[in-house]
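Notes follow once the structure below has been shown.
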Amino acid sequence: MGDSAKSKSSASRDPGPDNRKAQAARGIAAAINTAVKSYTLYSASHEVTQKSLDALKTRIDTFTQRAGALRLTVEPRRLMAGGAVVHQDQTETDGLAGRLHRDGIEWLEMAPGVELKEITGLVEILYKYRILASESEGDIVTALWEANFSHIRYSAREIVWAAEPVMDFSLPRPDGGAEAALAEVTASAEPDGTSSEKAGGAAPPPEAIPPSIASLPLDNPLWQLTADERQALREMVYHAENLDDTDSVLDVLMIILRQQTDAGETAADASDEGERDVSAILDYLKDEFQTTLENGEFRIAFRLLKSLHEIHQAHQTDVPHVSSAFNDFFIDISGPEVLETFNAYWSRIEGLDSARMKAFRQYLMMFHPVAILSFGPMLLKVSSQRTQRLLMEIIASLANRDLKPLLRLIETSDEVVILKIIELLRHLKAKKFTQVLLKLTRHTSANVRKAALKVLLTRLPNAIQGLFPLLDDPDEAVRWMFLNHLGRQKDTLAESLLLDYLEEGTFTVKRDSHLRACYRTLGRCGSDHSLNFLRGILFDTANGDRFGLKMAVHRTGAALGLSAMGTDPARQALRMAVKSNVAGIRRAAETALERKP
Amino acid sequence: MTSDASNNGLRGPAKAREAVIRSLFGLCQAVKIHQANNQVVQQAARTLTRDLARLVQSAGDVTIQVDSRRIYVQEKRLAFRPETVSLFDGFIDYLDRRGIGGLKFQPAVVKASPGKLVLFANILNRSEGHDPPLGWIADRLTSKSVSWVEVAAPAAGESEPSAVDPASRKKKGLKSYAHVLGSVQEIAGKLSSDQPAGLSRSRRVVQNMVDLIMEDAPLFQALSTIRFYDDYTYGHSVNVAILAMCIGKRILLSKRSLESIGLCGLLHDLGKIEIPKSILNKPGKLTDAEFDVMKRHSINSVRLIVKIQASRNQKADILLAPFEHHLKYDLSGYPRTDRKESLSLFGRILAIADVYDAITSPRIYRPTVIPPDRALGLMWNGSGKDFDPILLKVFINMIGFYPIGTLLVLDNRKAGLVCETPEGEPEAEPTRPWVILVERDGKEGYKGGRRVNLAETDPKTGDYRRQIVKSLNAVDLGIQPMDILFS
Numbered sequence: 013m014g015d016s017a018k019s020k021s022s023a024s025r026d027p028g029p030d031n032r033k034a035q036a037a038r039g040i041a042a043a044i045n046t047a048v049k050s051y052t053l054y055s056a057s058h059e060v061t062q063k064s065l066d067a068l069k070t071r072i073d074t075f076t077q078r079a080g081a082l083r084l085t086v087e088p089r090r091l092m093a094g095g096a097v098v099h100q101d102q103t104e105t106d107g108l109a110g111r112l113h114r115d116g117i118e119w120l121e122m123a124p125g126v127e128l129k130e131i132t133g134l135v136e137i138l139y140k141y142r143i144l145a146s147e148s149e150g151d152i153v154t155a156l157w158e159a160n161f162s163h164i165r166y167s168a169r170e171i172v173w174a175a176e177p178v179m180d181f182s183l184p185r186p187d188g189g190a191e192a193a194l195a196e197v198t199a200s201a202e203p204d205g206t207s208s209e210k211a212g213g214a215a216p217p218p219e220a221i222p223p224s225i226a227s228l229p230l231d232n233p234l235w236q237l238t239a240d241e242r243q244a245l246r247e248m249v250y251h252a253e254n255l256d257d258t259d260s261v262l263d264v265l266m267i268i269l270r271q272q273t274d275a276g277e278t279a280a281d282a283s284d285e286g287e288r289d290v291s292a293i294l295d296y297l298k299d300e301f302q303t304t305l306e307n308g309e310f311r312i313a314f315r316l317l318k319s320l321h322e323i324h325q326a327h328q329t330d331v332p333h334v335s336s337a338f339n340d341f342f343i344d345i346s347g348p349e350v351l352e353t354f355n356a357y358w359s360r361i362e363g364l365d366s367a368r369m370k371a372f373r374q375y376l377m378m379f380h381p382v383a384i385l386s387f388g389p390m391l392l393k394v395s396s397q398r399t400q401r402l403l404m405e406i407i408a409s410l411a412n413r414d415l416k417p418l419l420r421l422i423e424t425s426d427e428v429v430i431l432k433i434i435e436l437l438r439h440l441k442a443k444k445f446t447q448v449l450l451k452l453t454r455h456t457s458a459n460v461r462k463a464a465l466k467v468l469l470t471r472l473p474n475a476i477q478g479l480f481p482l483l484d485d486p487d488e489a490v491r492w493m494f495l496n497h498l499g500r501q502k503d504t505l506a507e508s509l510l511l512d513y514l515e516e517g518t519f520t521v522k523r524d525s526h527l528r529a530c531y532r533t534l535g536r537c538g539s540d541h542s543l544n545f546l547r548g549i550l551f552d553t554a555n556g557d558r559f560g561l562k563m564a565v566h567r568t569g570a571a572l573g574l575s576a577m578g579t580d581p582a583r584q585a586l587r588m589a590v591k592s593n594v595a596g597i598r599r600a601a602e603t604a605l606e607r608k609p
Numbered sequence: 138m139t140s141d142a143s144n145n146g147l148r149g150p151a152k153a154r155e156a157v158i159r160s161l162f163g164l165c166q167a168v169k170i171h172q173a174n175n176q177v178v179q180q181a182a183r184t185l186t187r188d189l190a191r192l193v194q195s196a197g198d199v200t201i202q203v204d205s206r207r208i209y210v211q212e213k214r215l216a217f218r219p220e221t222v223s224l225f226d227g228f229i230d231y232l233d234r235r236g237i238g239g240l241k242f243q244p245a246v247v248k249a250s251p252g253k254l255v256l257f258a259n260i261l262n263r264s265e266g267h268d269p270p271l272g273w274i275a276d277r278l279t280s281k282s283v284s285w286v287e288v289a290a291p292a293a294g295e296s297e298p299s300a301v302d303p304a305s306r307k308k309k310g311l312k313s314y315a316h317v318l319g320s321v322q323e324i325a326g327k328l329s330s331d332q333p334a335g336l337s338r339s340r341r342v343v344q345n346m347v348d349l350i351m352e353d354a355p356l357f358q359a360l361s362t363i364r365f366y367d368d369y370t371y372g373h374s375v376n377v378a379i380l381a382m383c384i385g386k387r388i389l390l391s392k393r394s395l396e397s398i399g400l401c402g403l404l405h406d407l408g409k410i411e412i413p414k415s416i417l418n419k420p421g422k423l424t425d426a427e428f429d430v431m432k433r434h435s436i437n438s439v440r441l442i443v444k445i446q447a448s449r450n451q452k453a454d455i456l457l458a459p460f461e462h463h464l465k466y467d468l469s470g471y472p473r474t475d476r477k478e479s480l481s482l483f484g485r486i487l488a489i490a491d492v493y494d495a496i497t498s499p500r501i502y503r504p505t506v507i508p509p510d511r512a513l514g515l516m517w518n519g520s521g522k523d524f525d526p527i528l529l530k531v532f533i534n535m536i537g538f539y540p541i542g543t544l545l546v547l548d549n550r551k552a553g554l555v556c557e558t559p560e561g562e563p564e565a566e567p568t569r570p571w572v573i574l575v576e577r578d579g580k581e582g583y584k585g586g587r588r589v590n591l592a593e594t595d596p597k598t599g600d601y602r603r604q605i606v607k608s609l610n611a612v613d614l615g616i617q618p619m620d621i622l623f624s
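Chains A and B, in that order, are what the protein sequence lines are.
Quick note: the first sequence uses our numbering, first residue 13, plus one each step.
Quick note: the second sequence uses our numbering, first residue 138, plus one each step.
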């Protein structure tokens, strides 16, 4: 009694073997779902994804070791195993069972010994085909077929054919009916000289009808492949299945593209269809180009680029729709999505010999100028001077063709990239690049303004009028650089500008040091005309402020200017000032004399 | 037991191939009965060594495969003769029980001691019941340092076709054919009306066809005899796909490649949707201008394939062969290009399948068609110029000199439809196939009668009982060969 009760109690706690199997199957279905979700959230190599796959494998192994193969039977919204529901989709349209059912999977079975790579393959298939476009290249069934897993089996029904009528394959009967026709051909039963035994291989064929293959002599080598032929056949198959035929595919597409573009050239009115054809081929080639680059197959990629470039060049003006399609293509392949591929290969590129580097440079120059947006940031990623120089040359060349991408790069890039660009612009003398530098003198980064100014002052030492606003630059270093330039020699324009600046008080930098520096620079670049101005300020006895700064500052500045001027009249004015009864004038002159410029 | 005793009438390589099966199976049986050191066993081992050596000498590796209850040695099918039926059936069953689809002996086998061969036979015998037997065999062979032989699993989906009744096989085949035809029509329809077209449906049907060819190769090949008067282009595309896949299977392409070549066949003439019907169906010779238009279709096909919604990789697999299918082996033909590269394997296969089906098919404007054996004769003239000579040999040996579906008029005033072709071997009498006699069904149609072996001889005179008077294309009489072959 006691034992019986114990046994009963134990049985009520024990779910029983079938229940345990169902429970384990539920766990597997849930783990499949989790793994597929991991793919949607993380990369395939991410730790979370890998853990979910490992967990799934562990569950399947545990199940199959105890209970053999697990077969999940697919119903429209649920999965069954051993008659029990082991998974129920939460929504009508999206769920594991729904997707399998959508593609016609009847059951999916995992056999003992299933490998992790098979589980990974299965989950990747379920992830890839979780959403199916109406016109796709495949589905879960085609993918499982192709994967050909050893331990994952499936059965699929022909979902796409359910409503199709069976075709009628019957042929029309000959005139006069079958009976007559059969009677006619058998009744005559006259040899036509072509059967092997009658013809013996020697009879000439009737006109216009070739002899039967059976009329060839039986010692003909046709009957048997030689050892060499068998070997050649094996090699053919090996080559077809293992060697890359990308070159040939590209050749063919180029032939078609040339034909299409030539047809467009001669056609009176270029058709929409022709345009779509060209676009379709170019779309394909874009994928091809990107893939070959990703694989580091530069030879193929650049051969493709060169051919397309030639076709584009040949038809740039005569076939507008072709030109437009090509333009779009070159813009597409010059985007970051494609070109960032180069980042993986810079070290390899750095090692190219000079001939190859030259060729590489030529190919890069075939990209659309929008490539500047990708190549610019790469300047920071390449380590060698050689590749830096290469990239700069490419950017310069592309910017020569179209400046806009360079301007956009400047607008959107960090200071460090722009400084590299300024380094590049230093070598580009065209007016449009000078304009870019001028624009950069108004950049928010002081380092950029300074770098741009430095280049401009070297390039256009006399074009100071446009740069004069830099006198009010918020950055002292910029102001100093510009003032130094103004004061490097006697210069009437600089003198005039500075005089206006100081006379009219247009300066916005209200700092003593800045004002003193301006006066001193005026002294360096100025003439007698400035002498009078400086003397006037120095001996001005008024108190209070002038243009927001104390008069004492102006006086000191004027004295410094006279000192910097270094002429006899200037020195005489300073000597007079030293003897002045006005303490402020005297102090200013003494300061200037102590600080010889 | 010797291997020569029962080889009456066989000569040369075929004899050597049959002998290997006999001696291998003989050794396995002897080992079951006797101890390893028994004279009979030792003699059987030496016989096997000798028979293997003959093949090794001429071809290197010796391969034995079983597919659809047929035995292939060195990729050559062994002919079932009355005196070998029992041996071959026994051997096939023996391998089948052990889950073995094939064996490959390396040349080093000829240096193996009789003891090692006996050991190998013992391992094979004992593998039955082990799960999986192949793994068990491999482990044993490795542990015993037997490295001159590999044991392979059966081809996927392999089964016994003859176990299914002809009507079911025909139904299955026709359904598959209709699906494939439907898929190519669907793609063409969508592309011609500028709608997006995907490959999913075509891939599924072609994958099913690959499974079918693995499962029932004779049925699959017979499907290529289906002919249409109208709707030629699509039926032709399906037939080319079927024939190309048959050649592919024959040369041991992978399943994945069979799928690709099937798709190539299916889509190779897609470009014809852009050719005016007046040119496609024009009776008589095309003018130069019309031919120029016609010649565009292979390029058109590629343009349209590029437009199909599929990945670059998928499309790359099926672009080249449709482009090349009218280019000849010597690179003449069309489209004319300055390419100097030889044609791709798939392109060369497609060219053979395309020409064969085209010249053996009726057109709306040409109801009488060249018989298949003459079509092969015509193609043989172009070997090495129009066609790859090796692949053409493979094709002719595969399809037979009187291909299945050829209508043969016999000297006894009867007509027979070729239903089974002997292998392309002199010993197998390739010019003497099996036929099904065609009879009137009394309803203005035809029905299949008795199966007759045209190699049958009169025991008294030694002469053949029946002579072939002439060959015809079955469609000339309105016969759809499938109706007779699987009735």
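Cβ atoms here follow ideal geometry from the backbone N, Cα and C, with glycine treated the same way.
The model shown is predicted, which means the values in this text are computed figures rather than measured ones.
Could you please give me the residues that DSSP links to glycine 585 of chain B through a beta bridge? Within the DSSP bridge table, the entry for glycine 585 of chain B names B/Val575 as partners.
Tell me the DSSP secondary structure of leucine 609 of chain B in three-state form. Under the three-state reduction of DSSP, leucine 609 of chain B is assigned to strand.
What residues in its chain sit with their C-beta under 6 angstroms from that of serine 592 of chain A, if we drop five residues either side in the sequence? Spatial neighbours of serine 592 of chain A in its own chain (CB-CB distance under 6 angstroms, excluding positions within 5 residues in sequence) are listed in chain order as Arg598.
In the structure shown, what three-state DSSP assignment does serine 167 of chain A receive? In the three-state reduction of the DSSP assignment, serine 167 of chain A falls in the strand class.
Rounded Cβ spacing between glycine 293 of chain A and leucine 269 of chain A (contact assumed at less than 8 angstroms): Reading off the sequence shown, one finds isoleucine at residue 293 of chain A, where the question assumed glycine. In this structure, isoleucine 293 of chain A and leucine 269 of chain A form a Cβ contact; the two beta carbons are roughly 5 angstroms apart against a cut-off of 8 angstroms.
Mind listing which residues of the region 367-399 of chain B have their C-beta closer than 8 angstroms to chain A's C-betas, in chain order? Hits within the stretch, in order: Ile388, Leu389, Leu390, Ser391, Lys392, Arg393, Ser394 and Glu396.
How is threonine 206 of chain A classed by DSSP in three states: helix, strand or coil? Reliability of the predicted coordinates at threonine 206 of chain A is poor, the pLDDT of 37 falling under 50, and the value obtained from them is presented with this limitation in mind. Coil, per DSSP.
Quick check: alanine 181 of chain B and alanine 167 of chain B, are their CB atoms within less than 9 angstroms of each other? Yes, these two residues count as a Cβ contact at 9 angstroms.
Would you kindly report the start and end of the unbroken beta strand (DSSP E) that includes alanine 426 of chain B? No beta strand (DSSP E) holds alanine 426 of chain B; the alpha helix (DSSP H) holding it covers 425-431.
Might you give, ordered along the chain, the residues of its own chain that have their beta carbon closer than 7 angstroms to the beta carbon of lysine 502 of chain A, omitting 5 neighbours on each side? Cys537 and Ser539.
Just to make sure I have the definition right: I need the residues of chain A whose C-beta is within less than 9 angstroms of the C-beta of proline 333 of chain B. Which are they? In chain order: Ala145, Ser146 and Glu147.
Other residues of its chain near alanine 245 of chain B: CB distance less than 7 angstroms, five sequence neighbours each side excluded: Leaving aside the five residues that flank alanine 245 of chain B on each side, the residues in its chain whose CB is nearer than 7 angstroms to its CB run, in chain order, Trp285.
Distance cutoff 9 angstroms, beta carbons only. Does asparagine 307 of chain A sit that close to anything in chain B? In terms of beta-carbon proximity, asparagine 307 of chain A stays away from the interface with chain B, with every pair separated by 9 angstroms or more.
Under the three-state DSSP convention, the category histidine 463 of chain B falls into: The three-state reading of DSSP puts histidine 463 of chain B in coil, since its state is none of H, G, I, E or B.
By how many angstroms is the C-alpha of histidine 113 of chain A removed from the C-alpha of alanine 4 of chain A? Residue 4 of chain A lies beyond the residue range present for chain A, which begins at 13 and ends at 609; the question has no answer from this structure.
Kindly indicate if chain A contains any beta-carbon less than 9 angstroms away from that of serine 448 of chain B. It does: the Cβ of serine 448 of chain B has a partner Cβ on chain A nearer than 9 angstroms.
Could you run through the region 346-363 of chain B and flag, in chain order, every residue whose CB is less than 9 angstroms away from some CB of chain A? Residues passing the 9 angstroms Cβ filter: Val347, Asp348 and Ile363.
State yes or no: is the beta carbon of serine 182 of chain A nearer than 9 angstroms to at least one beta carbon in chain B? Serine 182 of chain A counts as touching chain B.
Show which residues of chain B have a CB atom less than 8 angstroms away from the CB atom of tyrosine 139 of chain A. Close partners of tyrosine 139 of chain A in chain B (Cβ separation under 8 angstroms) are lacking, with about 16 angstroms as the shortest Cβ gap.
As a quick exercise: from A/Phe480, A/Glu362, A/Ala411 and A/Gln325, pick the residue whose alpha carbon is nearest that of serine 395 of chain A. Ranking A/Phe480, A/Glu362, A/Ala411 and A/Gln325 by Cα distance to serine 395 of chain A puts A/Glu362 first.
Pop quiz: leucine 91 of chain A and alanine 109 of chain A are said to be a contact at Cβ under 8 angstroms. What is the actual Cβ separation, rounded to whole angstroms? With 8 angstroms as the limit, leucine 91 of chain A and alanine 109 of chain A qualify as a contact, their Cβ atoms being about 5 angstroms apart.
Please determine, among A/Ser291, A/Thr258, A/Asp259 and A/Val261, the residue with the shortest C-alpha to C-alpha distance to glutamine 272 of chain A. Nearest C-alpha to glutamine 272 of chain A: A/Ser291.
Host beta strand (DSSP E) of histidine 99 of chain A (start-end): Here the beta strand (DSSP E) through histidine 99 of chain A covers 96-100.
Check this for me: beta carbons of leucine 156 of chain A and isoleucine 117 of chain A, under 9 angstroms apart or not? Yes; because the gap between Cβ atoms is below 9 angstroms, this pair is in contact.
So with Cβ pairs under 9 angstroms, would you call tryptophan 157 of chain A a contact of chain B? Tryptophan 157 of chain A counts as touching chain B.
Tell me, please, whether the CB atom of leucine 317 of chain A is closer than 9 angstroms to any CB atom in chain B? For leucine 317 of chain A, the answer is no, since every Cβ of chain B falls outside 9 angstroms of its Cβ.
For leucine 562 of chain A: DSSP bridge partner residues: Residue 562 of chain A is actually lysine in this sequence, not leucine. Paired residues: A/Asp557.
First through last residue of the alpha helix (DSSP H) which encompasses tryptophan 492 of chain A: First-last of the alpha helix (DSSP H) with tryptophan 492 of chain A: 488-498.
How is leucine 547 of chain B classed by DSSP in three states: helix, strand or coil? In this structure, leucine 547 of chain B counts as strand in the three-state DSSP scheme.
For glycine 408 of chain B, go through chain A and note every residue whose CB falls closer than 8 angstroms to its CB, in chain order. By Cβ distance, chain A contributes nothing, its closest Cβ being about 11 angstroms from glycine 408 of chain B, past 8 angstroms.
Who does glutamine 446 of chain B pair with in a DSSP beta bridge? Beta-bridge pairing links glutamine 446 of chain B to B/Gly335.
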